[in-house]
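Trainee:
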Amino acid sequence: MKRTKVTDALLRTDFGADILVNGWVRSKRGSKGIFFIALNDGSTIKNIQIVGDEANFDADMLKQITTGACLAVTGKLVESPAAGQASEIQATQIEVLGTCGADYPMQKKGQTFEYMRQHAHMRLRTNTFGAVMRIRHNMAMAIHTYFHEHGYFYFHTPLITASDCEGAGQMFQVTTKNLYDLKKDENGSIIYSDDFFGKQASLTVSGQLEGELGATALGAIYTFGPTFRAENSNTPRHLAEFWMVEPEACFIDLNDLMDLEEDFIKYCVRWALDHCKDDLEFLNKMIDKGLIERLEGVLKETFVRLSYTEGIEILQKAIAEGKKQFEFPCNWGDDLASEHERYLVEEYFQKPVIMTHYPKKIKAFYMKIDEQKPVYNGEEMEETVQGTDVLFPQIGEIIGGSVREENYDKLVNEIETRGIPMKDMWWYLDTRRFGSCPHGGFGLGFERLILFITGMANIRDVIPFPRTPKNAEF
Ligand code: 4AD
Ligand code: MG
């Protein structure tokens, strides 16, 4: 007989039909010679109930039906007398495909997330992680569908690269060299000419630079893949390996970019509400009671659009009026700390904020320089750039993007003053030499989106196998 997935079995109404389901035992109980098994096959958060008369089955086989065991159950689909489920299966035959010992790490309910992380290879079988992983899949589908429908081509940028897009020096090196026997020149620098790539190579921190090459040929592209950052940040928002979706489009300005960011995020949220109802209801009940309301709320809000200078004014006013104390300073020119972003998003506006026009010196080299310098406290400040950070409640920065500097001379000047090795950038600069065009894009941290959609608190719990400082297990 052909197997029916539990998600499909639960929708069937052809009661009396023969059916075969496979899955793992979530729980088993018995009463007056009748056994009840809750079986889950991962296709849905819901279990299907298996009912049988103990007298009709081999006693040794029944003993093997423990939590976590894998079964093939044949029986009749029947209307369920129990509340909360339309159908159940009256078992006629049960085969134990895989037994499961009492040392099964997901045996007990209500384990801490820390415990689950130590057993990340088995935590996927729990309700919570099943829900998160199904939502993760659905969000990936939403991303591809959105960009495909909006005329963006899926463009594959390399994971191994020789350039540091963000210039933050957080790259993991890729080498086949024997690290115990490195050749060095007279200055003590490592000689890479005989390494695999003939030069120093690393894992990419962002696909943007190659993405720009794609966009300036195809008009609009998006990359969606893993990115790597060797930043030693042990926070609930940082991973050393995370997924990023990066659209890049030509002939757009700052307003178009912000419209795209807002429309795209709302599309993803709506997709989750439309496609992940059962999983969201579970998470809303078990993890975060305000989750669904918050997701629906985001759809109704118009995101605030605020310049960095206006943001600083609000923060300084809050300090001056004694409404708020911050640990870190936030004078004009300072990079905002997450406490500042959270104040603006969670307390002051109470909705998502798109912040723009940051001081040039706190942002990456490729951002377009504003024509006008901002005025703050009656004084003209330093140059700003057309960068956009989308700040979300609970999450902080979910998107970082910008309009790109398309002027060759300005871009070269920026590269030189920042001391970025020019010889590595020739191919990037060629886009500004041959038919340069206005363009821009952004990067959305996929796991940060999943945090927001699921209401989970720690980024380590929204990716199957997290990579963080001192942790690369599984
Ligand atoms: O702001 P970032 O550094 O921007 C870029 O990399 C640009 N090159 C993107 C572009 O314009 N194409 O990173 C983009 C987003 C952040 O807003 C954040 O959501 C996420 O990537 N991110 C991280 N997510 C998890 N762990 C980390 N260590 C992250 N660093 C950034
Ligand atoms: Mg950023």
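Heads up: the sequence shown begins at 719 in the numbering used here, then just goes up one per residue. Where a beta carbon is used, it is the ideal one built from N, C-alpha and C, also for glycine. Remember, predicted model here, so these are calculated numbers, not experimental data.
Going by the DSSP bridge assignment, what does glutamine 1246 pair with across the sheet?
Mentor: Because residue 1246 is not part of the residues shown, which for the chain are 719 to 1192, the question remains open.
Trainee: Could you work out which residue in Leu728, Ala804, Asp1179 is closest to arginine 955 when comparing CA atoms only?
Mentor: The shortest C-alpha separation from arginine 955 is found at Asp1179.
Trainee: May I have the straight-line CA-CA distance separating glycine 887 from isoleucine 878, to the nearest angstrom?
Mentor: Between glycine 887 and isoleucine 878, the C-alpha separation is close to 15 Å.
Trainee: Can you give me the C-alpha to C-alpha distance between aspartate 1004 and threonine 1172, rounded to a whole angstrom?
Mentor: A small correction: the amino acid at residue 1004 is methionine; aspartate does not occupy that position in the sequence shown. Cα-Cα distance, rounded: 11 Å.
Trainee: Could you round the C-beta distance between phenylalanine 1083 and glutamate 1028 to whole angstroms and report it? I think they count as a contact, below 8 Å.
Mentor: Actually they are not in contact, since the Cβ atoms of phenylalanine 1083 and glutamate 1028 sit about 25 Å apart, beyond 8 Å.
Trainee: Provide the residue(s) that pair with lysine 764 in DSSP beta bridges, ordered along the chain.
Mentor: Answer is none; lysine 764 lacks a bridge partner.
Trainee: Using only CA atoms, which one of Asp974, Ile807, Met859, Ala858 lies nearest to alanine 735?
Mentor: Of Asp974, Ile807, Met859, Ala858, the residue nearest in Cα terms is Ile807.
Trainee: Cβ atoms of glycine 748 and isoleucine 768: under 9 Å apart, would you say?
Mentor: Contact flag unset, no.
Trainee: Between the C-alpha atoms of leucine 815 and aspartate 912, what's the straight-line distance to the nearest angstrom?
Mentor: So the alpha carbons of these two residues sit roughly 52 Å apart.
Trainee: Could you give the uninterrupted runs of the beta strand (DSSP E) lying entirely in the segment 1010-1049, keeping only those of 3 residues or more?
Mentor: Qualifying beta strand (DSSP E) stretches, in chain order: 1022-1025.
Trainee: Give, in chain order, every unbroken run of the beta strand (DSSP E) that is at least 3 residues long and sits entirely within the segment 916-954.
Mentor: List check, beta strand (DSSP E) in window: 919-921, 938-946.
Trainee: Whose C-alpha, out of Thr722, Leu728, Leu842, is nearest the C-alpha of lysine 1184?
Mentor: Sequence check: residue 1184 is proline here, not lysine. When only C-alpha atoms are compared, the closest one is Leu842.
Trainee: Which residues bound the beta strand (DSSP E) around histidine 1075?
Mentor: 1071-1077 is the span of the beta strand (DSSP E), which, as asked, contains histidine 1075.
Trainee: How many angstroms separate the CA atom of glutamine 1104 from the CA atom of methionine 1085?
Mentor: Using only the alpha carbons, I get a separation of about 6 Å.
Trainee: Does any heavy atom of the ligand MG sit closer than 8 Å to the C-beta of aspartate 759?
Mentor: No; taking the cut-off as 8 Å, the Cβ of aspartate 759 has no heavy atom of the ligand MG nearer than that.
Trainee: Are there any heavy atoms of the ligand MG lying less than 8 Å away from the beta-carbon of glutamate 1059, as far as the coordinates show?
Mentor: Every heavy atom of the ligand MG is 8 Å or more from the Cβ of glutamate 1059, so no.
Trainee: On a Cα-Cα basis, can you pick out the residue from Glu979, Asn765, Lys746 that is closest to glycine 802?
Mentor: Of the candidates Glu979, Asn765, Lys746, the one whose C-alpha sits nearest the C-alpha of glycine 802 is Asn765.
Trainee: I think arginine 730 touches leucine 789, with their Cβ atoms under 8 Å apart; what is that distance to the nearest whole Å?
Mentor: Not quite, the Cβ-Cβ distance comes to about 19 Å (not below 8 Å), so this is no contact.
Trainee: Taking the DSSP output, what are the residues bridged to tyrosine 1094?
Mentor: Glu1097.
Trainee: Would leucine 1167 and methionine 857 qualify as a contact pair, given that the criterion is a beta-carbon distance under 9 Å?
Mentor: Yes, the Cβ-Cβ distance between leucine 1167 and methionine 857 is below 9 Å.
Trainee: Does the ligand MG have a heavy atom nearer than 8 Å to the CB of glycine 1118?
Mentor: Yes, the Cβ of glycine 1118 comes within 8 Å of a heavy atom of the ligand MG.
Trainee: What alpha helix (DSSP H) runs, 4 residues minimum, are completely inside the segment 816-866?
Mentor: 831-836, 838-841, all fully within the segment 816-866.
Trainee: Can histidine 874 and glycine 828 be called in contact, C-beta distance under 9 Å?
Mentor: Not a contact, by the Cβ cut-off of 9 Å.
Trainee: Tell me whether the beta-carbon of histidine 993 lies closer than 9 Å to the beta-carbon of serine 1025.
Mentor: No, the pair does not count as a contact, with Cβ atoms beyond the cut-off.
Trainee: Taking the CB atoms as reference points, tell me whether threonine 1106 and leucine 927 lie closer together than 9 Å.
Mentor: No, the Cβ-Cβ distance between threonine 1106 and leucine 927 is not below 9 Å.
Trainee: Is valine 1022 a contact residue of the ligand 4AD, with contact defined as CB to any heavy atom under 8 Å?
Mentor: Valine 1022: no, Cβ never under 8 Å from the ligand 4AD.
Trainee: Express the C-alpha separation of glutamate 867 and threonine 817 in angstroms, rounding to a whole number.
Mentor: If I take the Cα positions, the gap works out to 46 Å.
Trainee: Starting from valine 987, trace the alpha helix (DSSP H) in both directions and tell me its first and last residue.
Mentor: Residues 972-993.
Trainee: Put tyrosine 872 into one of helix, strand or coil per three-state DSSP.
Mentor: Tyrosine 872 falls in the strand class under three-state DSSP.
Trainee: Return yes when at least one heavy atom of the ligand MG lies under 8 Å from the C-beta of glutamate 1115, else no.
Mentor: At least one heavy atom of the ligand MG is nearer than 8 Å to the Cβ of glutamate 1115, so yes.
Trainee: Given that a residue counts as buried once 16 or more other Cβ atoms are within 10 Å of its Cβ, and exposed if not, what is tyrosine 864?
Mentor: Tyrosine 864 is buried by the Cβ-count criterion.
Trainee: Suppose you measure from the CA of methionine 1099 to the CA of glutamine 1090; what does that come to, to the nearest Å?
Mentor: Cα-Cα distance, rounded: 10 Å.
Trainee: Shortest alpha-carbon distance to lysine 1081 belongs to which of Ala938, Ile1037, Thr1102?
Mentor: Of Ala938, Ile1037, Thr1102, the residue nearest in Cα terms is Thr1102.
Trainee: Confirm, please, whether the CB-CB distance from methionine 1174 to leucine 1001 is below 9 Å.
Mentor: Taking 9 Å as the Cβ cut-off, leucine 1001 and methionine 1174 qualify as a contacting pair.
Trainee: Enumerate, from N- to C-terminal direction, the unbroken alpha helix (DSSP H) stretches of 4 or more residues contained entirely within the segment 1124-1175.
Mentor: Runs of the alpha helix (DSSP H) inside the segment 1124-1175: 1126-1135, 1144-1151, 1164-1172.
Trainee: What's the C-alpha gap between asparagine 758 and phenylalanine 969?
Mentor: Cα to Cα, the separation comes out at about 50 Å.
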